[in-house]
Amino acid sequence: MPSIRDVAEEAGVSVATVSLVLNEKGSISPETRQRVLEVVDRLGYIRSSRARSLRDNQSRVIGYAWDKQRSEFNPVLDSFLYAILRNAEAHGRNVLVFSAEDSTDVAIYRELAAAKRVDGFVLSHTVQDDPRFVYLHEAGVPFVAFGRSNTPLDDEVFWVDVDGQSGTHAATEHLIKHGHQQIGFVGWPAGSVSGDSRWLGYMRAMRECGYTPPAEYDIRVMNHVREGYEAGQRLLDLDSPPTAVVCVSDVLAAGVMRACAAAGVRAAITGFDDTPIAEFMHPSLTSLRQPVNRAAEILIEMLVAQLDGQPISSRQVLIQPELVIRGSSTI
6 MPSIRDVAEE
16 AGVSVATVSL
26 VLNEKGSISP
36 ETRQRVLEVV
46 DRLGYIRSSR
56 ARSLRDNQSR
66 VIGYAWDKQR
76 SEFNPVLDSF
86 LYAILRNAEA
96 HGRNVLVFSA
106 EDSTDVAIYR
116 ELAAAKRVDG
126 FVLSHTVQDD
136 PRFVYLHEAG
146 VPFVAFGRSN
156 TPLDDEVFWV
166 DVDGQSGTHA
176 ATEHLIKHGH
186 QQIGFVGWPA
196 GSVSGDSRWL
206 GYMRAMRECG
216 YTPPAEYDIR
226 VMNHVREGYE
236 AGQRLLDLDS
246 PPTAVVCVSD
256 VLAAGVMRAC
266 AAAGVRAAIT
276 GFDDTPIAEF
286 MHPSLTSLRQ
296 PVNRAAEILI
306 EMLVAQLDGQ
316 PISSRQVLIQ
326 PELVIRGSST
336 I
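Here the sequence shown stands for residues 6 to 336, numbered as in our numbering.
(1) Which class does residue 265 belong to by DSSP, given the choice of helix, strand or coil?
(2) Say whether the region 294 to 305 touches the region 81 to 95, bearing in mind that this needs 3 or more beta-carbon pairs closer than 8 Å, one atom from each stretch.
(3) May I ask you to list the residues that DSSP assigns as paired with residue 327?
(4) If contact is defined by three or more beta carbon pairs under 8 Å, each pair taking one atom from either stretch, is the region 175 to 193 in contact with the region 130 to 148?
(5) State the start and end residues of the unbroken alpha helix (DSSP H) segment that holds residue 85.
(6) Measure from the alpha carbon of residue 337 to the alpha carbon of each residue in 162, 284 and 219, then state which is nearest.
(7) Note down, one range per segment and in chain order, each alpha helix (DSSP H) of at least 4 residues found wholly within the region 142 to 194.
(8) If you draw a straight line from the C-alpha of residue 334 to the C-alpha of residue 259, how long is it?
(9) Using DSSP bridges, identify the partner residues of residue 217.
(10) Among the candidates 70, 161 and 251, whose CA atom is the shortest distance from the CA of residue 113?
(11) Since residue 290 and residue 263 are thought to touch, with beta carbons under 8 Å apart, how far apart are those beta carbons, to the nearest angstrom?
(12) Going by CA-CA distance only, name the one from 92, 277, 135 and 11 that's closest to residue 308.
(13) By DSSP, does residue 256 sit in helix, in strand, or in coil?
Listed below in structure tokens is the structure:
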């Protein structure tokens, strides 16, 4: 059965362009529209999601959990979800977004899979030894994950992750090159795969330069601006406060920056995510840009390939973040 990607390749256009033509959206030239429709007819591509569902016994729905316990301001996962919706639509799929008290609880996944309401899942908010990896893998339910779980299954399942360790390593090196030795770290509680990875990058850079930060320089809080602010206050109250701080998110960095401003202290600060607010902070925030759009694109391609029985070139993809240097780290 031809896929939307087959149509795109044959017509010499992107998958998104084919989707716009089929859904009669966007400003597509008449020539391109005609060429795409001719390829659709020639290949016998089925445009109706309902008709295709009947043909291949799929619901053509992808499941995604919105974790109510982690419903704090999180522009990265907001952008990620939007990218998932957009890429799924381009592949003729819908996304069922369901709320969960704890997105790692397998009960809701078991219920949706048993009722055949979804064909597969996109996971986020991955944690150490994530039970969803084990359940979905053993149950034979297709899934992909934005993030690793650090389990033996990591080599068998499909995931895309941003290399947080290399990111915070680069950020810490950047601060060291600007003369800082007393560098603090504000991160998430232990057990977050991405948070722990970012801490490792910070520690590796410090140790490579012969620095051993004191234990009180390492503060773990939840991802709220208020908690970042309180973490900043704790660091500033130390007898020998750090002159720079590496934060695992822009949200926490915003809180630390506010604490420094309130105390009249100038400290170099880096964030992670490069959210839209980063360049508008004062000073503008140095941050690590996450390529979430690319991650979502790869994940949907992986999942659709599983569902359609197509070959997949790589089960695991590690994407490098980009250090965007602004005023907050050059103090």
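Beta carbons: idealized from backbone N, C-alpha and C, even for Gly. Predicted, not measured: the structure shown is a model, and the values here were computed from it.
Quick look at the numbers:
(1) Residue state, collapsed to three classes: helix.
(2) Pairwise C-beta distances place the region 294 to 305 in contact with the region 81 to 95, as three or more of them are shorter than 8 Å.
(3) Partner(s): 294.
(4) Fewer than three Cβ pairs drawn from the region 130 to 148 and the region 175 to 193 lie within less than 8 Å of each other, which leaves the two stretches out of contact.
(5) Unbroken alpha helix (DSSP H) run through residue 85: 80 to 95.
(6) The structure shown does not extend to residue 337, since the chain is modelled only from 6 to 336, so the question has no answer here.
(7) When DSSP assignments are scanned along the region 142 to 194, the uninterrupted stretches of alpha helix (DSSP H) that are 4 or more residues long and fall wholly within it turn out to be 169 to 182.
(8) Their Cα atoms are separated by approximately 13 Å.
(9) Paired residue(s): none; residue 217 is not in a bridge.
(10) Nearest of 70, 161 and 251 to residue 113, Cα basis: 70.
(11) Actually they are not in contact, since the Cβ atoms of residue 290 and residue 263 sit about 12 Å apart, beyond 8 Å.
(12) The shortest C-alpha separation from residue 308 is found at 92.
(13) Helix at residue 256.
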